[in-house]
Structure formats: C-alpha cells, structure tokens
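Residue numbers (the working numbering): 24 to 362.
Okay, structure first, notes after.
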Ligand code: PMV
C-alpha cells in the first residue's frame, strides 16, 4: 500500500486576517511567522477504490473523528478537481498534532497545510509551482493555512505597490534583517478551554461591522509597515505594530453586532507584565494574540536565556503553562516506507 506524509507547522499572524469574502478571499493583507514545534503530521494511505464518489476515512490522533471527517469531506468536494488521487483511490488519512488542543495555536493552519501538501503529492503533482498551488489549496480549507506552506515570514493578500502578493496564496518574505532571522514565541496558556465562537463566525461578523472599512485599511497599512520593519530590524516599531494588531483583532470581536470577548483577566495581567518587562527591564519582548485568550510572547532568539528566566520568574506562576516555540523552516515531506 502506498503512503505519503507531510509535516506542516502552524503559524502566528503579526498582521491579522479578520474578515473574508467567498472562497476565503481576505478583506486585508496579513503577515505571519511560521512556527517550528507546533505542527501537524498527516499520512495519506492509498487504497483500491470501490465507489465513484470520494472515499475517505479520517483518523485524528489514532481515533475516528466524525466531526473532522465531515469538514474534510466538505473541503474535498470543493477541491476534488485539483486532486486526481481522489478519483483513483480510496484514502485513509491519519493526522496528529505535536501540540495540545485549545492552546491558542492555530491547528486549522497546520492541519490544512499538511492535508493540501499530502493530497497534492499523492496526486503526483510535481510542477515548479508546487508550493504556490499547495498554498492556494490550503487557503480553501482555512485562510491562515495558506501561510503555513513556507518557513520564516509570509505575506498573504494583495497590497498596493507590491507586485507579488495575491489574495489566493501566500508568498514568503525574503528580505529579512539579521535581528529578525531567529525569533521565538513563548505561548502563555492562560486558559485552555475550547473557544465558544469559531473563527468563521468571527470573520462573518466583519461583514456589517461599523469599523470594518477602517480596520481593513489599518491592516493593509500595518502589512506595509511590517514589511519595512522586517527589513530594517526596528524592534520598537515591531512591538508597536504587532500589539496594535493583536488588540485591534479583539476590539473587532468586542464591538461586533453579536459582541463577544475571548480575553480573560489572566490575558490582561500577562499583557501588563510583558509591557512592564519591556519598559522597566528593557527586554526586547512584545506580545500578540490569536483568536483566544492565550498570549504569544515574541522575542529574539539571541536573548532567549535572559528572557526565558524573566518569563519563568514573573509569569510562570500566573499562567497554566508556557509552551516555548520558535520560527521554523516550513513543511517537510515525511519519509515513510511503503508496505
Ligand atoms: O484561518 P482562519 O479562518 O481560522 O482565521 C484565522 C484568523 C486569525 O488566526 C485570528 C488571524 C490570522 O491571520 O491568522
């Protein structure tokens, strides 16, 4: 039996995607950093086909998962023309995450990244635009997944004055100042209960949001700023942009027609502590947030020893857990023996 496997990491957005049109076309540009330790491994087994329609069994962490299987079937129905393997074989798909659930790490990004890469490989696609196509197809599963196809920093979404970026797939940012070439992300787990409002519902609420137009303009402005910052290495500017972005994302949730709040008291305490460590102890640290209460602390790898000891002394007792991750090199194909 033939098996194909891919590992795809998750990513954390520095400039946030929030609001989309049909086909997961983003309302604004976004920029993310690909992670290293937080990834999904997906192995696809190719079996003999017995029916004409799509035949897929899906196992998550060794168990049948009907919820995920349903989502994947919807995705496969929508994308089947891009994946000839679906016409030729019945598939068993097995996925595992390296990180626990509900930690504020975007599991749909790594999951759809690994799935798109796996299905494209299993379909025998070998053209030079393999990554671009994988990014395009990952986007159709989960928007942010299109940024998980490359390592380092990635830009997704059209921007005036930039020739390359597209709304349909992400592109890597390659001009990076040495100070930003190795960054870390310490994820402060404030609360690990599953979130009550899905990202899809949140994106939807941007449709009639009073602040939508200005929010999309702000994000595009920040995306252009971030491209410059990553080139020039200005950490102070970087902190200012990513913290504005994190709080703007949550401000949109808190001010939408069906308002909701994902921040917890522990989130605010952690944010205040991070700002104190930056302002009083002059540490090069800042924070971002995903669509949840957990705080991502971003800092240069070169300062790791000092910063980790401060985080352990000042923040460890206030949070449930700290997960240490860093910028990663992107997906890789898993070497699996056929049997
Ligand atoms: O990819 P989705 O549809 O789950 O949306 C993710 C949105 C954020 O994670 C909140 C921001 C982002 O740009 O990743």
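We put the beta carbon where it would ideally sit given N, CA and C, even for glycine.
Quantities reported herein were computed from a predicted structural model and do not represent experimental measurements.
Could you tell me the boundaries of the alpha helix (DSSP H) in which residue 136 lies? Translated into positions along the chain shown, residue 136 becomes position 113. 130 to 145 is the extent of the alpha helix (DSSP H) around residue 136.
Between which two residues does the alpha helix (DSSP H) holding residue 77 run? Counting from 1 along the chain shown, the entry for residue 77 is found at position 54. Looking at the DSSP string, residue 77 is not in any alpha helix (DSSP H), and its letter there is neither H nor E.
Sorry if obvious, but does the Cβ on residue 165 come closer than 7 Å to a heavy atom of the ligand PMV? For the purposes of this step, residue 165 is taken as the residue at position 142 of the chain shown. Indeed, a heavy atom of the ligand PMV lies less than 7 Å from the Cβ.
By the DSSP assignment, the beta strand (DSSP E) with residue 67 in it spans what residues? Translated into the one-based positions of the chain shown, residue 67 becomes position 44. Segment 53 to 70, the beta strand (DSSP E) holding residue 67.
Ignoring anything shorter than 4 residues, give me the alpha helix (DSSP H) runs that lie fully in the region 249 to 311, in order along the chain. 258 to 277 and 288 to 302
Per the DSSP calculation, residue 115 is bridged to which residue(s)? Taking the first residue of the chain shown as position 1, residue 115 is located at position 92. Paired residues: 68 and 80.
Can you tell me which of the three DSSP states residue 123 falls into? Taking the chain shown and counting its residues from 1, the one referred to as residue 123 is at position 100. Note: residue 123 maps to coil in three-state DSSP.
Just the C-alpha distance for residue 265 and residue 53, rounded to the nearest angstrom, thanks. Numbered from its first residue, the chain shown carries residue 265 at position 242. Numbered from its first residue, the chain shown carries residue 53 at position 30. Computed Cα separation, rounded: 11 Å.
Assuming residue 41 contacts residue 225 under a Cβ cut-off of 8 Å, what Cβ separation, rounded to an integer in Å, is found between them? As a working mapping, residue 41 is identified with position 18 in the chain shown. As a working mapping, residue 225 is identified with position 202 in the chain shown. Confirmed, Cβ separation roughly 7 Å.
Say the cut is 7 Å; is the CB of residue 160 nearer than that to a heavy atom of the ligand PMV? Position 137 of the chain shown, counted from the first residue, corresponds to residue 160. Checking the Cβ of residue 160 against the ligand PMV gives no.
Cβ neighbour criterion (16 or more within 10 Å) applied to residue 208: Sequence index remark: in the chain shown, residue 208 carries index 185 (1-based). Burial call: buried.
Cβ pair count under 8 Å reaching 3, the region 118 to 134 against the region 177 to 194: no
Spatially closest choice to residue 315 from 328, 353, 351 and 276, by CA coordinates: As a first step, residue 315 is located in the chain shown; it is residue number 292 there, counting from the start. Of 328, 353, 351 and 276, the residue nearest in Cα terms is 276.
Could you give the residue range of the alpha helix (DSSP H) that holds residue 223? As a working note, residue 223 is residue 200 in the chain shown. Here the alpha helix (DSSP H) through residue 223 covers 222 to 228.
The ligand PMV and residue 242: does the residue's C-beta get closer than 7 Å to at least one heavy atom of that ligand? Locating residue 242 in the chain shown gives position 219, counting from the first residue. No - the ligand PMV has no heavy atom lying nearer than 7 Å to the Cβ of residue 242.
Residue of 33, 320 and 332 minimising C-alpha distance to residue 171: For the purposes of this step, residue 171 is identified with residue 148 of the chain shown, where counting begins at 1. Taking only the C-alpha atoms, the option nearest residue 171 is 33.
Are the region 114 to 121 and the region 55 to 64 in contact at 8 Å, needing three or more beta carbon pairs? yes
Quick one: measure Cβ to Cβ for residue 2 and residue 288, integer angstroms, because I've assumed they're closer than 8 Å. Lying before the first or after the last residue shown, residue 2 is absent from the chain, which here runs from 24 to 362.
Please indicate yes or no: does the CB of residue 313 lie closer than 7 Å to some heavy atom of the ligand PMV? Here residue 313 refers to the residue found at position 290 of the chain shown. Checking every heavy atom of the ligand PMV against the Cβ of residue 313, one is found closer than 7 Å.
Based on Cα-Cα distance, which residue from 51, 56, 162 and 113 lies nearest to residue 75? Against the chain shown, residue 75 aligns to sequence position 52. For residue 75, the nearest C-alpha among the options comes from 113.
Sequence-distant residues of the same chain with beta carbon closer than 7 Å to residue 247, five excluded per side: Position 224 of the chain shown holds residue 247. If we look at residue 247 and ignore the five residues flanking it on each side, its Cβ neighbours are 182.
Among 138, 340, 71 and 203, which has the Cα closest to the Cα of residue 262? Here residue 262 corresponds to residue number 239 of the chain shown, with the count starting at 1. Ranking 138, 340, 71 and 203 by Cα distance to residue 262 puts 203 first.
Have a look at 191, 297, 347 and 219 and flag the residue whose alpha-carbon is nearest the alpha-carbon of residue 51. Here residue 51 refers to the residue found at position 28 when the chain shown is read from its first residue. Closest by alpha carbon: 191.
Count the other CB atoms, across all protein chains shown, that sit within 10 Å of the CB of residue 59; report buried if there are 16 or more and exposed otherwise. Within the chain shown, the letter at position 36 stands for residue 59. The residue is buried, with at least 16 neighbouring Cβ atoms inside 10 Å.
Proximity of residue 73 and residue 24 at Cβ, strictly below 8 Å: Position 50 of the chain shown, counting from 1, holds the residue named residue 73. Position 1 of the chain shown, counting from 1, holds the residue named residue 24. It is not a contact, given that the beta carbons lie outside the stated cut-off.
Whether or not the region 330 to 343 and the region 235 to 244 are in contact is what I'm after, with contact meaning three or more pairs of Cβ atoms, one per stretch, closer than 8 Å; do they touch? no
Secondary structure at residue 182, three-state DSSP: helix, strand or coil? As a first step, residue 182 must be located in the chain shown, where it is residue number 159. It is coil, neither helix nor strand.
From what residue to what residue does the beta strand (DSSP E) around residue 207 run? Here residue 207 refers to the residue found at position 184 of the chain shown. Residue 207 -> beta strand (DSSP E) spans 206 to 212.
The ligand PMV heavy atom lying under 7 Å from the CB of residue 272: Counted from its first residue, the chain shown places residue 272 at position 249. Yes, the beta carbon of residue 272 sits closer than 7 Å to at least one heavy atom of the ligand PMV.
What do you reckon, is the C-beta of residue 118 under 7 Å from a heavy atom of the ligand PMV? Along the chain shown, one-based indexing puts residue 118 at 95. Answer for residue 118: no, Cβ out of range of the ligand PMV.
With 16 as the cutoff for other CB atoms within 10 Å, does residue 47 come out buried or exposed? Counting from 1 along the chain shown, the entry for residue 47 is found at position 24. Buried is the call here.
So what does DSSP say about residue 338, is it helix, strand or coil? Position 315 of the chain shown, counting from 1, holds the residue named residue 338. Coil.
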